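Step one of this worksheet: look at the structure below.
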Amino acid sequence: MVMILAVAIVVGFKKEVRNKVIGFGSHIQITNFESNSSYELQPLAISDSLIGHLSSIEGVRHVERFATKPGMLKTDQDFQGIVLKGIDSDFDWSFFKANLLDGDTLTIVSDKRSTDVVVSNYLANLMGLKVGDTFLTYFVQEEVRARRFQIVGIYETGFVDYDKLFILADIKQIRRLNGWDEDQVSGLELLVDDYDRLDEVAEVVYFDMAERLDRLGNPFYTQSIKELNPMIFSWLDVLDINVVVILVLMLAVAGFTMISGLLIIILERTNMIGLLKALGENNRSIRKIFLYVSFFLIGKGLLWGNLIGVSLCAIQSWFKVVKLDPAVYYLDAVPIDLRIGTLLLLNVGSLAVSLLMMLGPTYLITKIEPVKSLRFE
């Protein structure tokens, strides 16, 4: 039960946090090599042919343009620093649709510059805004510029570090603010088919783009989401160690308990062992009897452990009984991700390790002599 809960929670936590980071930044980003680490990126001129080429790379599922620009959101009562993320009609809305609380997503058309935006619930509550409200955003550059936007949707991911920053808007707004051409963007975001192949696909894209230049002679720089957020993904990798420690401790505790239990059973049955030997049974056959008994006891424990563990996982997954502070854990409830393959692997592994640990105590049977054991009390 403890092992099932530990694996389900840690795997679920890693998956949820990882998906939220990817939802805001995609799997792979291609930006201008001369850009710094801020959200005020140097532009790249992106052609449709380049988009088509990247889409044809094995493992790449989707390619989209983006642009970012920091600014200051201001209402009559308060102000807040934000990052305006410009998106185009090719934007993948699946992540934000799954986290949309109110309103709708943006509708981007090629021949019209939209003033609609999608903001986070964190910003909406902080600034006292709701769907349909308008607000001013100021952008500090050579000449301070202001833009009025209207809220058409409110999302909430629980990832406060990003929720308090990003506002989704029409990419044409950022192009006009920066004086960019129609084909210029801050960069490209790529989504891959399989996260497990992320490093492999990112390497292919990196070398493919390393020798290319845009029409203005700007070089491309490719980074995976792991490179863009090394601290978060390093932290998630450390969680695997916690799972291993828990599994080892549980197996050790269970193993020593079963070993001591089997030794007691063998000592209680010393007379029976001696009698069986006197009747001609060999050590191997008698050891099998006690291994069968051990298998029955282990199987009973596995049955109850599975019933309780899976039931607790189902209750938490459906009803979110155990809550979390999103500001600390990036999630509002303990996540659960339990798959049939993982469950079978845990059961088979636990059973195999437990039976292997039972072989040691049964060796004591070979040391029992029939003459002495029949007189044993």
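Quick note: the sequence shown uses numbering that gives the first Met the number 0, first residue 0, plus one each step. Built from N, CA and C at the ideal position, the CB exists for glycine as well. All values reported here derive from a predicted model rather than from experimental measurement.
query, result
"Met271 versus Leu122, Glu15, Ile367, Gly85, residue with shortest Cα-Cα distance", "Ile367"
"Lys378, buried or exposed, once every other Cβ within 10 Å from all chains shown has been counted against 16", "The structure shown has nothing for residue 378, since the chain only spans 0 to 376."
"Classification of Ser25 by the beta-carbon crowding that lies within 10 angstroms, buried from 16 upward", "buried"
"Opening and closing residue of the beta strand (DSSP E) in which Tyr137 lies", "133-138"
"Chain-order list of residues whose beta-carbon lies under 6 Å from that of Arg211 (same chain, five-residue window excluded)", "Phe219"
"Reference Leu40; option with closest CA among Pro369, Asn217, Phe158, Arg268", "Asn217"
"Between the CA atoms of Asn281 and Pro360 - distance to the nearest angstrom", "17 Å"
"Distance, Ser54 Cα to Ala326 Cα", "36 Å"
"Exposure of Gly70, with buried meaning 16 or more beta-carbon neighbours within 10 Å", "buried"
"Span separating the alpha-carbon of Leu4 from that of Asp103", "36 Å"
"Cross-strand partners of His397 (DSSP beta bridge)", "Beyond the ends of the chain as shown, which are 0 and 376, falls residue 397; an answer cannot be given."
"Residue range of the beta strand (DSSP E) that includes Thr30", "27-31"
"Per DSSP, cross-strand counterpart(s) of Val82", "Pro69, Phe165"
"Beta bridge counterpart(s) of Phe219 as assigned by DSSP", "Asn31"
"Where Gly340 sits in the DSSP three-state scheme", "helix"
"Pairwise C-alpha distance: Ile29 and Glu63", "10 Å"
"Burial state of Gly51, where buried means 16 or more other Cβ atoms lie within 10 Å", "exposed"
"Terminal residues of the beta strand (DSSP E) in which Gly102 lies", "99-102"
"Own chain, CB closer than 6 Å to Phe95, minus 5 neighbours either side, in chain order", "Tyr154"
"Beta-carbon contacts of Ala123 that lie in its chain and below 6 Å, excluding the five residues immediately before and after", "Ile153"
"Residue range of the beta strand (DSSP E) that includes Arg147", "144-154"
"Residue from Phe232, Val237, Val204, Met230 whose Cα sits closest to the Cα of Thr221", "Val204"
"Straight-line Cα distance separating Phe12 from Leu238", "9 Å"
"Segments assigned alpha helix (DSSP H), at least 4 residues, entirely inside the segment 212-274", "224-227, 229-267"
"7 Å Cβ cutoff met for Asp182 and Ser119", "no"
"Candidates Phe148, Val16, Phe32: closest to Thr156 by CA position", "Val16"
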